[in-house]
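Visitor:
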Amino acid sequence: MKKYLKVTAAVVLAVLLSLQQALPAKAWEETISCTVLGDSISKGYSSDKENKIKCYGQILTEQISTENEISYDYHNYAKNGLDTRSLNEKTLAKDSVLRSLNKADLILITMGSNDLLNQFKKETQEILNSDTKMKSVGQAMEQLQAEVKKNPLLVLKVVDALSNWDYGTFETQWAEAMETITQQKKDGAQIIVTNIYNPVYNMELPGTMNKVVEGIIQNMNGIIEKRAEEFDYQVIDLFHSGIVEYVQDDGLHPSQEGQQLIAEMIYPEIKTYQSGKDTAQSVDGAASKGEDEASEESPEPPSEQEQSSQNNQNDIKDVKDEETLQFNTILAAAAFIIFILAVAGIIKNRK
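341 is the number of the first residue of the sequence shown in our numbering; add one for each residue after it.
Quick look at the structure:
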């Protein structure tokens, strides 16, 4: 009899496991895991040490956690001043970062600005024949502007140097980083990359130089876009977003409003994975800055975003209801199997 019960238990367990595997995967399971890589923009740099800036990655992770009533696992490995070469040689060389990428559901990346800024500092230092290493773009700009007043032709030298910049190094380093990240990520994880906005937009550059800088940025963004399909990542367009209007006093880094704007741009592109089918998240909260407010006297019908939000909430509810129904069905089936096997055992013993 004991042997028979063991066999019965084994059969029931096998049935339960097979049926459980047939259930659709829950959105985010029980925890959303997010890993952030990149430079000071994705780190949430604050020029005012007394006021911390919450970066877009943290904003998004907390929002997903709250809306789905799940916990979150958040890791930010972004570093001030990081360029693509340093991303490869330092950040992606750490075991802790690779382990985080292995577990992440969502990987967020902002890179490229420092590749441009470092090149600008280097070219300016060489043209000015300065022995002092320029630590910041602001310092380079101040020295350049001072020397241009004495010799306006210096602008042409800087423009010529930047115009002939070799993009090959940037593309090589970018591709190497993306290859490492895609190799380390788990199946179903999503990679979202922001492209580059003009980091010197709010600085007083001569007109010709500003056009050259924007041309360089567009070429770099072209490289980022070109590699997106190969490495399976999505690109968020910050270049045309107007984020340059939401920067800190340094004229470069996003303010808290700027970080919120980036989060709002990324959020509609985030997907959950259910039954092998990806479902886009809905957008909540205020509209992007600069949009006209709707009249209170004549309310408009729900927007496409609001309708999408409601539809997705209904989809999530339907999935949860379906899971509950299937689980109850499994329990009923298991109970029935146990009953049949028990009856069969009793009959056998009587014989």
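We put the beta carbon where it would ideally sit given N, CA and C, even for glycine.
Fair warning: this is a prediction, and the values are worked out from it, not measured in the lab.
#1: Can you tell me whether Pro539 is buried or exposed? The criterion is at least 16 other CB atoms within 10 Å of its CB, across all chains shown.
#2: What are the partner residues of Thr534, as DSSP defines its beta bridges?
#3: Within its chain, find whatever has a CB closer than 8 Å to the CB of Gln524; leave out the 5 residues flanking it on each side and keep chain order.
#4: Report yes if the CB atom of Leu446 is closer than 8 Å to the CB atom of Val477, and no otherwise.
#5: Should Asp423 go down as buried or exposed, given a rule of 16 or more other Cβ atoms within 10 Å for buried?
#6: State the DSSP-derived secondary structure class of Ser373, mapped to helix, strand or coil.
#7: In the DSSP assignment, what residue or residues form a beta bridge with Pro608?
#8: With C-beta atoms as the reference, is Ile531 less than 8 Å away from Ile521?
#9: Which residues mark the beginning and the end of the beta strand (DSSP E) in which Ser411 is found?
#10: Can you give the Cα-Cα distance for Ala529 and Cys374, rounded to whole angstroms?
#11: Starting from Thr431, trace the alpha helix (DSSP H) both ways and give me its first and last residue.
#12: Are Ile563 and Glu516 close, meaning C-beta to C-beta below 8 Å?
#13: Using 10 angstroms around the beta-carbon of Ala486, count the other beta-carbons present and answer buried if the total reaches 16, otherwise exposed.
#14: What separation, rounded to the nearest whole angstrom, lies between the Cα atoms of Thr401 and Glu370?
#15: Along the alpha helix (DSSP H) that carries Asp500, what are the first and last residues, could you check?
#16: Rounded to the nearest angstrom, how far is the Cβ of Ile399 from that of Gln599, given a contact under 8 Å?
#17: With distances taken from CA atoms, which of Ser405, Asn391, Glu390 is nearest Gly397?
#18: Give a yes or no on contact between the region 603 to 612 and the region 553 to 572, applying the rule of three or more CB pairs nearer than 8 Å.
#19: Which one or two residues does DSSP pair with Pro539 in a beta bridge?
#20: Using a Cβ-Cβ cutoff of less than 6 Å, which residues in the same chain neighbour Asp500 once the five nearest sequence positions on both sides are dropped?
#21: Reducing DSSP to helix, strand and coil, say where Gly478 ends up.
#22: Please report the straight-line C-alpha distance between Arg567 and Leu496, rounded to a whole angstrom.
Guide: Checking against the coordinates, here is how it stands:
#1: buried
#2: Thr450, Ile576
#3: Leu438, Leu441, Asn442
#4: no
#5: buried
#6: strand
#7: Pro608 is not bridged to any residue.
#8: Yes, Cβ-Cβ distance for Ile531 and Ile521 is below 8 Å.
#9: 411 to 416
#10: Going from the Cα of Ala529 to the Cα of Cys374 covers about 10 Å.
#11: It is not in any alpha helix (DSSP H) - Thr431 carries neither H nor E in the DSSP assignment.
#12: no
#13: exposed
#14: Straight-line measurement puts the Cα of Glu370 at about 13 Å from the Cα of Thr401.
#15: 494 to 503
#16: With a Cβ gap of about 6 Å, Ile399 and Gln599 count as contacting.
#17: The residue with the shortest Cα to Cα distance from Gly397 is Ser405.
#18: no
#19: DSSP output for Pro539 lists no bridge partner at all.
#20: none
#21: helix
#22: 32 Å
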